[in-house]
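For the sequence shown, the working numbering begins at 10 and goes up steadily by one.
Each residue gets a CB set at the ideal place from its N, CA and C atoms; glycine is no exception.
Being a predicted model, the structure only gives us computed values, none of them experimental.
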Amino acid sequence: MKKFLFFLLLLFVIYLIGINTVPQYIESQRNPVKLSAPYTVSPEAQALYDRLDFIADLHCDALLWGRNLNKRGDRGHVDFPRMREAHVALEMFTIVSKSPAGQNMQSNSEDTFDNITPLTIAKGESPWNWFSLINRTLSQSEALAEFVNNEGEKAIFIKTKADLENLIEARKSDKQVIGAMLGIEGGHAIEASLENLEKVHAAGVRMIGPTHFFDNEFGGSAHGENGLGLSDFGKSAVQKMNELGIFIDLAHSSPAIVDDVLEITTKPVMVSHTGVRAVLDSQRNLSDTQIQKIAANGGIIGIAFFGMAVGEPELPNIIASIKHVRDLVGIEYVALGSDYDGSVAVPFDITGLPLIVEGLMNAGFTEDEIRAVMGENVKNFFLKNLE
Ligand SMILES: [Zn+2]
């Protein structure tokens, strides 16, 4: 009996050590930067950056790793102190609830071992989350609400147009106020239940990508096996998202889903983190025809910063992707969608955003165009389309 208790105690101690080291180790391995901070740019680029009043990013997965986002981190890419240092006005935090081991761009199966399960356990999350995608999702939603709450007056959880207007108003006198929005990568998070869709909406979710790395109840993933469009359930979920006011994010969707959503949605769509095929011909990237259709729908396209979206994760490739969308359909459709903390290597963390301004200036973008890309487009998109 004594031996058994000792064994249990030993397991518990190992678990405690694990939750304080394992997620940290995994995160530092999974989310590197090519250049470390601090980042310097020309005085002209810095001056323009300092004049921007609304900087926004459409995608980051910082909630996944269990890091305290109220503290400045020494790993990963995003937290509130670093957003503040970068004068960021709005960040979209996205929830990843399931991710296949050996994840790749070409073909993943729904049945492959899920990497998020051991991470959830190692983070010390409640056993209710260990094997439930919806519970994991709601728990990451609560985590964001708590981080925002801990920031006091300096952060706003943006769920409505009125919240966004409050943010814009607050930032007129205090540029340190940050807006946080919430999204989901992969509709499997709602476990094929429209009731769960209502639950995540109530928890603040305002954007959902139908699929992530594998095919699910909504339909086919860009990196799945079946290449299918929206299933009947997927169609009813899209309809329900339109009704509730949850934006549909076409990043990671099969081309057939992109077409199906554009066919039936009554609201403009988002592509929260993507590249363009004209710069990198990858199956997760948008073709020119898709970009044109998304622009015609009044949608918005966030350009990501990592390798599989833009080629080598380097500034010139990010700038080339932004430029391609501008040249093809117009400046108002393009935005930043970094994919910070998304298990990706990026050229710089969020405090390096002035480098984007410098890159755009060097590529001949006007100040108005730079303002648009850096955040005005996102602000206008949500002012127009958030309820
Ligand atoms: Zn993603």
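Buried versus exposed call for residue i [16 or more other C-beta atoms within 10 Å across all chains shown]
i: Leu-295; result: buried
i: Thr-275; result: exposed
i: Leu-14; result: exposed
i: Ala-313; result: buried
i: Asn-77; result: exposed
i: Ser-150; result: buried
i: Met-10; result: exposed
i: Glu-53; result: exposed
i: Pro-136; result: exposed
i: Arg-180; result: buried
i: Gly-213; result: buried
i: Tyr-58; result: buried
i: Ile-35; result: buried
i: Ala-198; result: buried
i: Ala-65; result: buried
i: Leu-206; result: buried
i: Gly-373; result: exposed
i: Asn-235; result: exposed
i: Ile-167; result: buried
i: Thr-375; result: exposed
i: Val-270; result: buried
i: Lys-12; result: exposed
i: Thr-298; result: exposed
i: Ser-45; result: exposed
i: Ile-328; result: buried
i: Leu-173; result: buried
Anticipated Cβ contact below 8 angstroms, residue i with residue j, distance rounded
i: Asn-394; j: Pro-219; result: Between Pro-219 and Asn-394 the Cβ distance is about 18 angstroms, and since that is not below 8 angstroms, they are no contact.
i: Ile-331; j: Val-382; result: 6 angstroms
i: Leu-67; j: Met-317; result: That pair is no contact at about 17 angstroms.
i: Lys-107; j: Leu-147; result: Between Leu-147 and Lys-107 the Cβ distance is about 14 angstroms, and since that is not below 8 angstroms, they are no contact.
i: Gly-346; j: His-282; result: 4 angstroms
i: Arg-81; j: Pro-90; result: 4 angstroms
i: Glu-200; j: Ile-143; result: 5 angstroms
i: Ile-359; j: Ala-95; result: 5 angstroms
i: Val-87; j: Tyr-349; result: 5 angstroms
i: Ile-217; j: Asp-258; result: 6 angstroms
i: Ile-379; j: Leu-392; result: Their Cβ separation, rounded to whole angstroms, is 20 angstroms, which puts Ile-379 and Leu-392 out of contact at 8 angstroms.
i: Ile-255; j: Arg-215; result: 6 angstroms
i: Asp-70; j: Gly-351; result: 4 angstroms
i: Pro-322; j: Ala-354; result: 5 angstroms
i: His-237; j: Asp-224; result: Note that residue 237 is Leu in the sequence shown here, rather than His. The pair is a contact, with the Cβ atoms about 7 angstroms apart (cut-off 8 angstroms).
i: Ala-103; j: Glu-194; result: One detail in the question is off: residue 103 reads as Thr in this sequence, not Ala. The pair is a contact, with the Cβ atoms about 5 angstroms apart (cut-off 8 angstroms).
i: Phe-16; j: Asn-117; result: No, Phe-16 and Asn-117 are not in contact; Cβ-Cβ is about 38 angstroms, not under 8 angstroms.
Residue i beta carbon near ligand 3 (any heavy atom closer than 8 angstroms)
i: Asp-70; result: Looking at this structure, you won't find ligand 3 anywhere; what it does contain is ligand 1.
Any contact of the region 49-58 with the region 361-369, i.e. 3+ C-beta pairs under 8 angstroms? Short answer: they touch.
Enumerated in chain order, which unbroken segments of the beta strand (DSSP E) with a length of 3 residues or greater are wholly contained in the region 58-110? Runs of the beta strand (DSSP E) spanning 3 or more residues and lying entirely within the region 58-110 occur at 64-69 and 97-105, in chain order.
Could you say if the region 228-238 and the region 178-190 meet the contact criterion of at least three C-beta pairs nearer than 8 angstroms? no
Please determine if the region 110-123 and the region 87-102 are in contact, where contact requires at least 3 C-beta pairs separated by less than 8 angstroms. no
Which runs of the beta strand (DSSP E) fall wholly inside the region 269-336 and span at least 3 residues, in chain order? Secondary structure in the region 269-336: the beta strand (DSSP E) runs of 3 residues or longer, each lying completely within the stretch, are 279-283 and 309-312 in chain order.
Quick check: the region 67-81 against the region 177-187, are at least 3 beta-carbon pairs closer than 8 angstroms? no
Cβ contact (3+ pairs, closer than 8 angstroms) linking the region 243-252 and the region 278-298: no
Please give the ranges of any alpha helix (DSSP H) in the region 135-195, keeping only runs that are unbroken, at least 4 residues long and fully inside the region. 136-139, 142-159 and 170-182
Please go through the region 357-391 and give each complete alpha helix (DSSP H) segment of 4 or more residues, from N-terminal end onward. 363-371 and 376-380
Below 8 angstroms, can you find three or more Cβ-Cβ pairs linking the region 323-341 to the region 300-313? yes
How about the region 125-143 and the region 155-162: do they share at least three Cβ pairs that are nearer than 8 angstroms? Output reads no: the region 155-162 does not touch the region 125-143.
What ranges does the alpha helix (DSSP H) occupy inside the region 203-231, keeping only unbroken runs of at least 4 residues that lie completely in it? For the region 203-231, whole alpha helix (DSSP H) runs of length 4 or above, ordered along the chain, are 203-211.
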